[in-house]
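Report on one structure; see the data block that follows.
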Amino acid sequence: MPKKIVLNQKKQVGGIIRYTSLKLFFLTFISCYFIVFPVKAKNNNNVSIIRDAEIEFFLEQIINNFTTSEQTKNLSIKPIIVFNESINAFVTGNNKIYIHSGLLENLDSFEELEGIIAHELGHLVLGHVESRKIMHDFNSKITNAGIFALIGLSLSGMNNNIEGAIIAGNDFYYKNQFRYNRTQELEADIFSIKALNRLKKSSLGLNDFFKKIKRRNQLFLNKNNYYNSHPNPENRLDIINSMSRVKKTNLTKVISYKNIELDLQKLKIKLLAYTKNKNQLNLIKKNLKKNDPFFSAINFYCKNDLEKSIKYTKVYQQQNTRNPFAYEMLGSLNFLNGNYIEAVKNFTESLKKNDELKIVPSPILKFSIANALIKIDNKDSLRKALTILEQLIPIKNKSIRLWRLIGVTSHKLKMKSISMVAQAEEKILKKQYKKAKKIASKALQDNNIKSLYKIRALDIINLN
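Just add 4 to wherever you are in the sequence shown, counting from 1, and you've got this note's numbering.
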């Protein structure tokens with residue numbers, strides 16, 4: 005009988021395995037209010053990142069379990085899902101763990117994921133990343149691929165790089181430079197087993213994962229790169245079996261937080277909304293269990309039938325009335341279908357459910373509400389949108405998308421001075437300081453400028 009992992013919400017670097025010598029195939033996305041259409045990248049510097057509030061939330065809960073020891077208690081690790089079919093994960097020193105969608109699609113248990121995460125944290129804690137880091141200046145692009153709960157990331161049709169792109173681009177550059185030696189890989193293995201032992205978790209998942217490595221390596225002739233930097237899978241299995249203290253045999257297929265759950269099949273179904281993997285779609289369809297409405301919602305979304313996708317998402321939401329992510333998903337689909345008033349209701353209900361469960365919602369949810377209100381485009385909705393965006397200023401003031409949306413909203417409301425301050429803030433983030441000061445000076449000519457924006461304009465003018 006599969007068991008369930010129960011999670012508690014706490015605080016919010018080379019890969020563990022490289023199966024083949026295939027190069028990372030990068031996709032770029034063109035977004036219009038985050039309706040996402042995949043196209044081939046013009047160069048291999050483009051990286052697609054899947055942003056999904058529900059998947060990220062549960063990944064964070066798993067990661068948080070490993071950040072309670074003396075070695076890791078000061079770490080705050082953020083999961084980043086990379087749109088890539090290879091089975092891999094890596095960290096690069098910026099307290100982010102990059103997990104390939106291919107790895108998540110091929111999980112057989114959550115214990116596998118726990119072991120992989122513990123291994124990657126081992127590289128971070130043991131200083132392997134810093135010891136291998138090669139500093140190099142270069143330009144790289146990154147595109148966020150998002151559907152559910154990511155309407156808020158749209159910048160009113162703007163197709164500029166998202167802030168933080170250079171940092172994330174550097175992470176991928178460093179990842180390609182981090183060829184941990186076999187000693188470091190073994191040290192990370194040992195760290196992961198000790199971490200699992202401390203939490204009284206089974207290493208059976210990690211054992212199964214390395215068995216997969218062994219089977220897959222037998223399928224490929226070119227294994228030199230892998231064996232140059234990774235220990236033999238059989239040696240790793242010996243270490244796991246000799247050091248593991250927890251000998252549980254039941255593997256976990258479901259993880260939960262309070263009354264909301266994420267099972268492996270649902271995780272894989274949701275990834276299909278981003279990967280559009282038809283083979284995986286057909287495979288899951290043959291083995292559906294309790295996720296029939298959810299599968300139908302994603303299946304019709306992949307077929308661009310939003311009406312039917314919304315229909316089945318409503319069924320799924322009614323079956324999961326306490327799940328904030330169900331309302332968020334319904335809101336995003338309604339937004340994509342032009343049902344902006346319904347989208348606002350769904351997103352607002354999602355906020356309420358997050359609050360009931362004491363989950364700190366991603367700022368993206370408020371961006372989503374604001375974006376839907378902007379699309380409704382009447383005076384009342386625009387004022388509400390501006391109020392929501394202003395609430396985000398203390399935590400997202402370094403976000404280009406925030407200032408762009410404030411600029412768009414205030415322009416529609418004919419609040420010229422606010423629009424100019426928003427433009428000035430955007431120029432600051434782009435390091436165009438002279439232009440920023442000039443625009444801020446013009447904004448201050450308005451005697452009725454709101455104090456919030458007056459203070460920010462004065463700060464810009466007084467920048468050294």
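Idealized CB from N, CA, C, for every residue including glycine. In this text, all values refer to a predicted model and were calculated from it rather than measured experimentally.
Kindly list the residues whose CB is nearer than 6 Å to the CB of ILE4, restricted to its own chain and excluding five residues on each side of it in sequence; keep chain order.
Any property of residue 4 remains undetermined from this structure, which presents the chain solely from 5 to 468.
When the Cβ atoms of the segment 111-131 are set against those of the segment 198-214, are three or more pairs found closer than 8 Å?
yes
Give a yes or no on whether the minimum CB-CB distance between LYS294 and chain D is below 8 Å.
The structure shown contains no chain D; it holds only a single protein chain.
Just to check my reading of the structure: THR96 and VAL51 have Cβ atoms closer than 8 Å, yes? What is that Cβ distance to the nearest angstrom?
Taking C-beta atoms under 8 Å as the contact rule, THR96 and VAL51 fail to qualify, at a distance of about 13 Å.
ILE490, DSSP secondary structure in three states
Here the chain comprises residues numbered 5 to 468, so residue 490 is not present and cannot be evaluated.
Taking the alpha-carbon positions, what's the ALA277 to TYR102 distance?
19 Å
Measuring straight from C-alpha to C-alpha, what distance separates THR32 and ARG249?
Reliability fails at THR32, whose pLDDT of 29 lies under 50, so the model's placement of it is uncertain and no value is given.
In whole angstroms, give me the CA-to-CA distance for LYS438 and ILE464.
10 Å
At which residues does the alpha helix (DSSP H) containing LYS388 begin and terminate?
383-400
Do the CB positions of PHE299 and LYS289 come within less than 8 Å of each other?
yes
Just mark GLY209 as buried or exposed, buried being the case when its beta carbon has 16 or more other beta carbons within 10 Å.
buried
Excluding the 5 residues flanking ASN327 on each side, which residues of the same chain have their C-beta closer than 6 Å to its C-beta?
ILE264
What residue range is occupied by the uninterrupted alpha helix (DSSP H) comprising THR317?
310-323
Cβ shell of ILE373 (< 7 Å), same chain only, five flanking positions each side left out:
VAL348, PHE351, THR352, ILE392
So, for LYS82: in the same chain, excluding its five sequence neighbours on each side, which residues have a beta-carbon less than 7 Å away from its beta-carbon?
Here the set comprises ASN99, LYS100.
Is the separation between the beta-carbon of GLN109 and that of GLN284 shorter than 8 Å?
This sequence places Glu at residue 109; Gln is not what is there. Yes, these two residues count as a Cβ contact at 8 Å.
Quick one: what does DSSP say GLY260 is sitting in, helix, strand or coil?
In the sequence under discussion, the amino acid at residue 260 is Ser, which differs from the Gly named in the question. Three-state result, SER260: strand.
Taking the alpha-carbon positions, what's the LEU390 to ILE410 distance?
6 Å
Pick helix, strand or coil for VAL425, following the three-state DSSP scheme.
When DSSP states are grouped into helix, strand and coil, VAL425 belongs to the helix group.
On a Cα-Cα basis, can you pick out the residue from ILE67, THR72, ILE120 that is closest to ALA93?
ILE120
Give the DSSP-derived three-state secondary structure of GLU360 in the structure shown.
In the structure shown, GLU360 sits in a helix (DSSP, three-state: H, G or I).
For LEU111, does the three-state DSSP call read helix, strand or coil?
coil
Closest to LYS402 by C-alpha separation, out of GLU430, ASN452, GLU332, would be which residue?
Distances from the alpha-carbon of LYS402 to those of GLU430, ASN452, GLU332 put GLU430 closest.
Just tell me which of ASN382, LEU63, PHE339, LYS357 has its CA closest to the CA of ALA376.
PHE339
Rounded C-beta distance between LEU79 and ILE91? I'm assuming under 8 Å.
That belief does not hold up - the Cβ atoms of LEU79 and ILE91 are roughly 24 Å apart, past 8 Å.
Identify, in the order they occur along the chain, each residue of the same chain with its Cβ nearer than 8 Å to the Cβ of LEU130, setting aside the five sequence neighbours on each side.
GLN188, GLU191, ALA192, PHE195
On the DSSP bridge list, what partners appear for VAL95?
VAL95 has ILE101 as its beta-bridge partners, per DSSP.
Give every residue of the same chain whose Cβ lies closer than 7 Å to the Cβ of ASP242, excluding the five residues on either side of it in the sequence, and list them in chain order.
none
At the level of alpha carbons, what is the spacing between LYS357 and SER366?
13 Å
PRO367: first and last residue of the uninterrupted alpha helix (DSSP H) it sits in:
Run containing PRO367: 367-380, per the alpha helix (DSSP H) assignment.
For ARG219, count the other beta carbons within 10 Å of its own beta carbon; 16 or more makes it buried, fewer makes it exposed. Which is it?
exposed
Checking 8 Å against the spacing of the C-beta atoms, do LEU125 and PHE62 come in under that value?
No, the pair does not count as a contact, with Cβ atoms beyond the cut-off.
Could you tell me if GLY342 is buried or exposed, where buried requires 16 or more neighbouring beta carbons within 10 angstroms of its beta carbon?
exposed
Taking LYS216 as part of the alpha helix (DSSP H), name the residues at either end of that continuous run.
208-221
Looking at the strands, I want to know which residues DSSP matches up with LYS82.
LYS100
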